[in-house]
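Be aware that the sequence shown starts at 4, since it is given in the working numbering, and climbs by one per residue.
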Amino acid sequence: MQERGALGFERHYHVTDPFIRRLGLEAELQGHSGCVNCLEWNEKGDLLASGSDDQHTIVWDPLHHKKLLSMHTGHTANIFSVKFLPHSGDRILITGAADSKVHVHDLTVKETIHMFGDHTNRVKRIATAPMWPNTFWSAAEDGLIRQYDLRENSKRSEVLIDLTEYCGQLVEAKCLTVNPQDNNYLAVGASGPFVRLYDIRMIHNHRKSMKQSPSAGVHTFCDRQKPLPDGAAQYYVAGHLPVKLPDYNNRLRVLVATYVTFSPDGTELLVNMGGEQVYLFDLTYKQRPYTFLLPKKCHTSGEVQNGKTSTNGVSNGIHLHSNGFRLSEGRAHASPQVELPPYLERIKQQANEAFACQLWTQAIQLYSKAVQKAPNNAMLYGNRAAAYMKRKWDGDHYDALRDCLKAISLNPCHLKAHFRLARCLFELKYVAEALECLDDFKGKFPEQAHSSACDALDRDINAALFSKSDNAEDKKGGGPIRLRATGRKDSISEDEMVLRERSYDYKFRYCGHCNTTTDIKEANFFGSNAQYIVSGSDDGSFFIWEKETTNLVRVLQGDESIVNCLQPHPSYCFLATSGIDPVVRLWNPRPESETLNGRVVVDMEGASQANQRRMNADPLEVMLLNMGYRITGLTSGGAGGSDDEDSSEGQVQCRPS
Numbered sequence: 004m005q006e007r008g009a010l011g012f013e014r015h016y017h018v019t020d021p022f023i024r025r026l027g028l029e030a031e032l033q034g035h036s037g038c039v040n041c042l043e044w045n046e047k048g049d050l051l052a053s054g055s056d057d058q059h060t061i062v063w064d065p066l067h068h069k070k071l072l073s074m075h076t077g078h079t080a081n082i083f084s085v086k087f088l089p090h091s092g093d094r095i096l097i098t099g100a101a102d103s104k105v106h107v108h109d110l111t112v113k114e115t116i117h118m119f120g121d122h123t124n125r126v127k128r129i130a131t132a133p134m135w136p137n138t139f140w141s142a143a144e145d146g147l148i149r150q151y152d153l154r155e156n157s158k159r160s161e162v163l164i165d166l167t168e169y170c171g172q173l174v175e176a177k178c179l180t181v182n183p184q185d186n187n188y189l190a191v192g193a194s195g196p197f198v199r200l201y202d203i204r205m206i207h208n209h210r211k212s213m214k215q216s217p218s219a220g221v222h223t224f225c226d227r228q229k230p231l232p233d234g235a236a237q238y239y240v241a242g243h244l245p246v247k248l249p250d251y252n253n254r255l256r257v258l259v260a261t262y263v264t265f266s267p268d269g270t271e272l273l274v275n276m277g278g279e280q281v282y283l284f285d286l287t288y289k290q291r292p293y294t295f296l297l298p299k300k301c302h303t304s305g306e307v308q309n310g311k312t313s314t315n316g317v318s319n320g321i322h323l324h325s326n327g328f329r330l331s332e333g334r335a336h337a338s339p340q341v342e343l344p345p346y347l348e349r350i351k352q353q354a355n356e357a358f359a360c361q362l363w364t365q366a367i368q369l370y371s372k373a374v375q376k377a378p379n380n381a382m383l384y385g386n387r388a389a390a391y392m393k394r395k396w397d398g399d400h401y402d403a404l405r406d407c408l409k410a411i412s413l414n415p416c417h418l419k420a421h422f423r424l425a426r427c428l429f430e431l432k433y434v435a436e437a438l439e440c441l442d443d444f445k446g447k448f449p450e451q452a453h454s455s456a457c458d459a460l461d462r463d464i465n466a467a468l469f470s471k472s473d474n475a476e477d478k479k480g481g482g483p484i485r486l487r488a489t490g491r492k493d494s495i496s497e498d499e500m501v502l503r504e505r506s507y508d509y510k511f512r513y514c515g516h517c518n519t520t521t522d523i524k525e526a527n528f529f530g531s532n533a534q535y536i537v538s539g540s541d542d543g544s545f546f547i548w549e550k551e552t553t554n555l556v557r558v559l560q561g562d563e564s565i566v567n568c569l570q571p572h573p574s575y576c577f578l579a580t581s582g583i584d585p586v587v588r589l590w591n592p593r594p595e596s597e598t599l600n601g602r603v604v605v606d607m608e609g610a611s612q613a614n615q616r617r618m619n620a621d622p623l624e625v626m627l628l629n630m631g632y633r634i635t636g637l638t639s640g641g642a643g644g645s646d647d648e649d650s651s652e653g654q655v656q657c658r659p660s
């Protein structure tokens, strides 16, 4: 009992804020001759395995900085994934590589004991699960998720999920992971913005029943065998990304999930979305993407509850009537504001001052800090929305829309939130809905109907509505067309369309890093209570955020080029990272006597802005930048296409309360 209590205490406090702020480089493990593409701790945390472009795997004693074992894996191309097989006494190691092969190794004799060549394209990830001791899974760029059972005499794999049946031949599976608390759930990341969660047990039971059914081999012309049973798959997506796909495709900006992982308690799913940001999805308190919720059909007010999913799966913070997007009826009257405690009022004033100085990120972080302590204060959400709208990084207008809806649900008479909502809808290309929202705003707040801000937005909306541009039809509102892949020869099935339309939205978004150059970049929970989020970046740094506030707290230089891998130790405040450099780096809290830490990136805001510019740059410019050329257009101006907002929009939008 005492030992369990000590272990619980250790795991609860092993990652704390003072430790994070003292995190620094402890050691570099040298032994590889190529990029180190994957890292894996064993369950105890006394062994660390690495895989590399040099086709070798090395097992380290990280606590003593020693190389214990190095072996050639038999692969003929880059290794992308390495995993210890559970319940094997750390004796069995599995690797997946760019040669389309999966190999199983016995470390005690340094031999490859099984070789699987069933995939037809690069194997990107291996997943294991304690509940399935002789089983593991692989994700590959042939669009297949395969399951392996080492107890079988044939030592062959079977296809668990075939994404090509849903998305066409061009889809590529990039990553997968098993829920640590319920090993029946498997998350898969692939091409595009959607992340998929599967119930393995349901899939197996479905296939078993199909084999046992007497009519299993008899099909009529109209009959169609479903590859997956209803309810076996659930999709997740950042709500603004489906509508952004055509724009991203036109700019050759690829969206692909490069890493997925569950929180230690299995209730959250973290996704590093290549070409975009890091997203956290709440698997318990789910909500629909707000931009899917602009239907031309009636919903009663009882179906809509403060942005939370109701019984019919519809969520929003405002009423949706049969004529489209409408606010609650009647003129608005002043609503009393809940006073903030003095310490939060000071934080809000600091945020307002940062906003006045155009320090948008600083303002957002301060408002977020206050929101965490006062989650029912409408003014804080409204103010943060204004800061998001001014900063204009990727996804900021969607986060602003979410904040506006939250502010309105808390205070239906929040004038600025109502107006900002209309502006957000316009910026998110929901032009017709923006017009309806603006008309409702004028009816609700007639004294503002002819303000400069209203007139400016009115002009923008009408100009867009009468635009003859090629994509004008796509701007007229929500609907399934927004969920289809465009500009490619993907064949999206009807089943896939239904699953995409039922997607759930994210809870938190983490900004600052850049993930456009490699498709193996990880993001992970740090701390047994998942208090922090860590991610690698194309600028050679890795970023650490507070999970609940989404605030960036630490940036460290982890590689000369790119940080791809970050694997936290299971019990200690200890982090292993790797990337393009042929070394593994170990990080832990440095002694207080060490005053100089040359790897700390002091200007976190500057690094984040540079990464936003990088993500929105022309791919050729990024390539030249990687080759060492300085591109003037890439190092000047705002981030994320941030042209100055129309100054005529006036106080109703721009000034925080």
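The beta carbon of each residue, even a glycine, is placed where N, CA and C say it ideally should be.
- [ ] Compute the Euclidean distance between the alpha carbons of residue 19 and residue 398, then round it to the nearest angstrom.
- [x] In the sequence shown, the residue the question calls residue 19 occupies position 16. In the sequence shown, the residue the question calls residue 398 occupies position 395. Between residue 19 and residue 398, the C-alpha separation is close to 29 Å.
- [ ] Could you give the DSSP three-state label for residue 44: helix, strand or coil?
- [x] Residue mapping note: residue 44 aligns to position 41 of the sequence shown, counting from 1. Three-state DSSP puts residue 44 in a strand.
TODO: Could you have a look at residue 168 and say whether DSSP puts it in helix, strand or coil?
DONE: Translated into the one-based positions of the sequence shown, residue 168 becomes position 165. Helix, per DSSP.
Task: Nearest-angstrom beta carbon gap, residue 394 and residue 367 [assumed within contact, 8 Å] - done: Position 364 of the sequence shown holds residue 367. Position 391 of the sequence shown holds residue 394. Indeed they touch by this definition, with Cβ atoms about 7 Å apart.
Task: Span of the alpha helix (DSSP H) around residue 245 - done: In the sequence shown, the residue the question calls residue 245 occupies position 242. Taken as a continuous stretch (DSSP letters only), the alpha helix (DSSP H) holding residue 245 covers 244-253.
Task: Test item: CB-CB of residue 545 and residue 566 under 7 Å - done: The residue given as residue 545 occupies position 542 in the sequence shown. The residue given as residue 566 occupies position 563 in the sequence shown. In this structure, residue 545 places its C-beta atom within 7 Å of the C-beta atom of residue 566.
Task: Secondary structure, alpha helix (DSSP H): runs of 4+ residues fully inside the region 497-552 - done: 497-504
- [ ] Please classify residue 605: is it buried, with 16 or more other beta-carbons within 10 angstroms of its beta-carbon, or exposed?
- [x] Against the sequence shown, residue 605 aligns to sequence position 602. Residue 605 should be labelled exposed.
- [ ] Please go through the same chain and pick out, in chain order, the residues whose beta-carbon is closer than 6 Å to the beta-carbon of residue 38, but skip the five residues on each side of it.
- [x] Position 35 of the sequence shown, counting from 1, holds the residue named residue 38. Closer than 6 Å at Cβ, skipping near neighbours: 56 and 583.
- [ ] Using three-state DSSP, classify residue 396 as helix, strand or coil.
- [x] The residue labelled residue 396 in the question sits at position 393 within the sequence shown. The answer is coil: DSSP assigns residue 396 none of H, G, I, E or B.
Open item on the list: Taking the straight line between their C-alpha atoms, what separation do you get for residue 614 and residue 521?
Closed with: In the sequence shown, the residue the question calls residue 614 occupies position 611. In the sequence shown, the residue the question calls residue 521 occupies position 518. In a straight line, the C-alpha of residue 614 is about 14 Å away from that of residue 521.
- [ ] Pick out whichever of 240, 590, 412 and 396 has its Cα sitting closest to the Cα of residue 559.
- [x] Locating residue 559 in the sequence shown gives position 556, counting from the first residue. Nearest option by C-alpha distance: 590.
TODO: Please report how far the alpha carbon of residue 360 lies from the alpha carbon of residue 354, in whole angstroms.
DONE: Indexing the sequence shown from 1 puts residue 360 at position 357. Indexing the sequence shown from 1 puts residue 354 at position 351. Spanning the two alpha carbons is a distance of roughly 10 Å.
- [ ] Measure the Cβ-Cβ separation of residue 436 and residue 424 and say whether it is below 7 Å.
- [x] Position 433 of the sequence shown, counted from the first residue, corresponds to residue 436. Position 421 of the sequence shown, counted from the first residue, corresponds to residue 424. No, these two residues do not count as a Cβ contact at 7 Å.
- [ ] Determine the extent of the beta strand (DSSP E) in which residue 270 is found, giving its start and end residues.
- [x] Looking up residue 270 in the sequence shown gives position 267. Note, residue 270: premise wrong, no beta strand (DSSP E); not H, not E.
Open item on the list: Here's the rule I'm using: 16 or more other beta-carbon atoms within 10 Å means buried, otherwise exposed. How should residue 415 be labelled?
Closed with: Here residue 415 refers to the residue found at position 412 when the sequence shown is read from its first residue. Answer is buried; the Cβ neighbour count reaches 16.
Open item on the list: Please identify the residue among 284, 280, 259 and 257 whose C-alpha is closest to the C-alpha of residue 265.
Closed with: Working through the sequence shown from its first residue, we reach residue 265 at position 262. Nearest option by C-alpha distance: 284.
Open item on the list: Please report the distance separating the alpha-carbon of residue 235 from that of residue 118.
Closed with: Mapped onto the sequence shown, residue 235 falls at position 232. Mapped onto the sequence shown, residue 118 falls at position 115. Their backbone Cα atoms lie some 30 Å apart in a straight line.
Task: Close-in-space but distant-in-sequence residues of the same chain around residue 21 (CB under 6 Å, 5 per side omitted) - done: Translated into positions along the sequence shown, residue 21 becomes position 18. Hits under 6 Å: none found.
Open item on the list: Run through the DSSP bridge pairs and tell me what residue 236 is partnered with.
Closed with: By one-based count along the sequence shown, residue 236 stands at place 233. Per DSSP, 201.
Open item on the list: Using 7 Å as the threshold, is the C-beta distance between residue 17 and residue 535 below it?
Closed with: Residue 17 sits at position 14 when you count from the first residue of the sequence shown. Residue 535 sits at position 532 when you count from the first residue of the sequence shown. No, Cβ-Cβ distance for residue 17 and residue 535 is not below 7 Å.
Open item on the list: Assuming residue 74 is part of the beta strand (DSSP E), what are its boundary residues?
Closed with: Here residue 74 refers to the residue found at position 71 of the sequence shown. Residues 69-75.
TODO: Could you check what DSSP says for residue 63 in three-state terms: helix, strand or coil?
DONE: The residue you call residue 63 lines up with position 60 of the sequence shown. Correct three-state label for residue 63: strand.
Open item on the list: What residue range does the beta strand (DSSP E) around residue 21 cover?
Closed with: Reading the sequence shown from its first residue, position 18 is the one you call residue 21. It is not in any beta strand (DSSP E) - residue 21 instead sits in the alpha helix (DSSP H) that spans 20-24.
Task: Cβ-based burial, residue 84 [other Cβ within 10 Å; buried from 16] - done: Against the sequence shown, residue 84 aligns to sequence position 81. With 16 or more Cβ atoms within 10 Å of its Cβ, residue 84 is classed as buried.
Open item on the list: Can you look up residue 212 in the DSSP assignment and give me helix, strand or coil?
Closed with: On the sequence shown, residue 212 is found 209 positions in, with the first residue counted as 1. Helix, per DSSP.
Task: Helix, strand or coil at residue 495 [DSSP, three-state] - done: Taking the first residue of the sequence shown as 1, we reach residue 495 at position 492. When DSSP states are grouped into helix, strand and coil, residue 495 belongs to the coil group.
Open item on the list: Taking only three categories from DSSP, how would you classify residue 86?
Closed with: Residue mapping note: residue 86 aligns to position 83 of the sequence shown, counting from 1. Strand, per DSSP.
Task: Burial state of residue 182 (16 or more Cβ within 10 Å) - done: Position 179 of the sequence shown, counted from the start, is the residue given in the question as residue 182. Residue 182 should be labelled buried.
- [ ] Apply the 10 Å Cβ neighbour rule to residue 116 and answer buried if 16 or more other Cβ atoms are within range, or exposed otherwise.
- [x] Within the sequence shown, residue 116 is the residue found at index 113, counting from 1. Residue 116 should be labelled exposed.
Open item on the list: Give me, in chain order, the residues of the same chain whose beta-carbon lies closer than 7 Å to that of residue 268; leave out the 5 immediate sequence neighbours on both sides.
Closed with: Locating residue 268 in the sequence shown gives position 265, counting from the first residue. So the qualifying residues of the chain are 184.
Open item on the list: Taking the alpha carbon of residue 153 as the reference point, which residue from 141, 585, 147 and 137 has its own alpha carbon closest?
Closed with: By one-based count along the sequence shown, residue 153 stands at place 150. The candidate whose alpha carbon is nearest that of residue 153 is 137.
Task: Coil, strand or helix - residue 263 by DSSP - done: Locating residue 263 in the sequence shown gives position 260, counting from the first residue. Residue 263 falls in the strand class under three-state DSSP.
Open item on the list: Please tell me whether residue 126 and residue 190 are closer than 7 Å, where the distance is taken between their beta carbons.
Closed with: Locating residue 126 in the sequence shown gives position 123, where the first residue counts as 1. Locating residue 190 in the sequence shown gives position 187, where the first residue counts as 1. Not in contact: residue 126 and residue 190 (Cβ atoms no closer than 7 Å).
Open item on the list: Checking the sheet assignment: what are the DSSP bridge partners for residue 591?
Closed with: Taking the sequence shown and counting its residues from 1, one reaches residue 591 at position 588. Its beta-bridge partners are 27.
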